[in-house]
Amino acid sequence: MAFTLRQLQYFIAVAEQGSVTRAAQNLSISQSSVTEAIKELEGDLGVELFERHPRGLSITHNGHQFLRHATKILATVSDARNAFSETKENTGGKLNIGVTSLVAGYVLSDLLARYRRACPGVEVSAIEDNGSYLEHLLIGGELDVAVMVISNLRDRMALQAEILETSPYRLWLPMGHPLVSADIISSADIAREPLIMLTIDEIEENTGKLLAALGARPHVAFRTRSVEAVRSLVATGAGVALLPDLVYRPWSLEGDRIESRDVSGALPVVQVGMVWRKGSSLPQAARDFVGIAEALRSGRGR
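Residue numbers (the working numbering): 1 to 302.
Here it is in structure tokens:
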């Protein structure tokens, strides 16, 4: 029996959440429905998409590869549906977008691809910079909309924000690390480990505040602005990392495995969203962009 779109939707939800329980909650369905859908999908494909262990699920290499295909399939179906929606009046125009480094490759790429397909006549111009500078450009009217980390949005009086994705912090570990099999990981456990620190989009500041709140004072072994460098350093045992789940992938560029685990305590989350100047009359191109982003968020069950 061929796999169904619903099975793909459930698979993507589990892959993104790293948990059948969280996926079922986001989809507002039973856990058994999600589990059965994943089992049927694996049977149809003839491969294991997830590794089962006492702490839950972790996506396999085959699962990681299939995730890209599944995402494209659902995106194509969404585009097919939108082709029969009300014809858009704007056949041209210009859209000026800002984006922060952390979300450029993890949120904007898919969103922008959908937008270009829906509004091919719009000229899109994008700039990547830090959050405070993007806020300055938005308030000054030089940008229509920005896709950025909004957890620490500074000028909330002048800016309107809408959440696209919420991502909790988790601990990244190399395969075989003692903490991988720990029932509970505490801040004290992290404090004993060399820490790989990501220094983009206020992540370093957030991580410092997080550990201070948990009473831990870690030894920072390496600071980098590259997410891929963090992956490689963690995978080869140079240290651990505490990062939002948004940027987690189970493999480094060299093909080494990276594990991700929850940490006990009330950890903050990173919110990624769209931001525009409050009270401004958005041009049609920007309104379409916001609408497509909202549809993408709804399709993911967020």
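We put the beta carbon where it would ideally sit given N, CA and C, even for glycine.
None of these values were measured; they are calculated from a predicted model.
**Report entry** Terminal residues of the alpha helix (DSSP H) in which residue 219 lies
**Finding:** Looking at the DSSP string, residue 219 is not in any alpha helix (DSSP H); the run it does join, the beta strand (DSSP E), is 219-224.
Requested in this report: Kindly list the residues whose CB is nearer than 8 Å to the CB of residue 123, restricted to its own chain and excluding five residues on each side of it in sequence; keep chain order.
Outcome: 92, 93, 94, 95
Query raised in the report: Looking at C-alpha atoms only, which residue of 99, 229, 47 is the closest neighbour of residue 256?
Result: Looking at 99, 229, 47, the one whose alpha-carbon comes closest to that of residue 256 is 229.
Query - Host beta strand (DSSP E) of residue 275 (start-end) - result: Where residue 275 is concerned, the enclosing beta strand (DSSP E) stretches over 269-277.
Query raised in the report: For residue 261, does the three-state DSSP call read helix, strand or coil?
Result: strand
Query raised in the report: Leaving out five residues before and five after residue 99 in sequence, what residues of the same chain have Cβ atoms less than 7 Å from its Cβ?
Result: 108, 126, 128, 146, 147, 148
Query raised in the report: Who are the Cβ neighbours of residue 61 in its own chain at under 8 Å, not counting the five residues just before and after it?
Result: Hits under 8 Å: 250, 251.
**Report entry** Assigned secondary structure, residue 89 (DSSP; H/G/I helix, E/B strand, else coil)
**Finding:** With a pLDDT of 48 at residue 89, under the threshold of 50, the modelled position of that residue is not reliable, and no figure is offered here.
Report task. Using three-state DSSP, classify residue 149 as helix, strand or coil. Result -> In this structure, residue 149 counts as strand in the three-state DSSP scheme.
Query - Beta-carbon contacts of residue 263 that lie in its chain and below 6 Å, excluding the five residues immediately before and after - result: 171, 185
Query raised in the report: According to DSSP, is residue 140 helix, strand or coil?
Result: Three-state result, residue 140: coil.
Query raised in the report: For residue 105, which three-state DSSP category applies?
Result: Under the three-state reduction of DSSP output, residue 105 falls in the helix class.
Query - Exposure label - residue 207; buried when at least 16 CB within 10 Å - result: buried
Query raised in the report: If you drop the 5 nearest sequence neighbours on each side, which residues of the same chain put their C-beta closer than 8 Å to that of residue 90?
Result: Confidence in residue 90 is poor, its pLDDT being 47 and thus under 50, which makes the residue's placement too unreliable to answer from.
**Report entry** Whole-angstrom distance between residue 161 and residue 150, CA atom to CA atom
**Finding:** The straight-line gap from Cα to Cα measures roughly 7 Å.
Query raised in the report: Relative to the C-alpha of residue 20, which residue among 193, 2, 57, 115 is closest?
Result: For residue 20, the nearest C-alpha among the options comes from 57.
Query raised in the report: So the beta strand (DSSP E) residue 98 belongs to, where does it begin and stop?
Result: 94-99
Query raised in the report: residue 154: which of 268, 245, 138 sits nearest, CA to CA?
Result: Of 268, 245, 138, the smallest CA-CA separation from residue 154 is found for 138.
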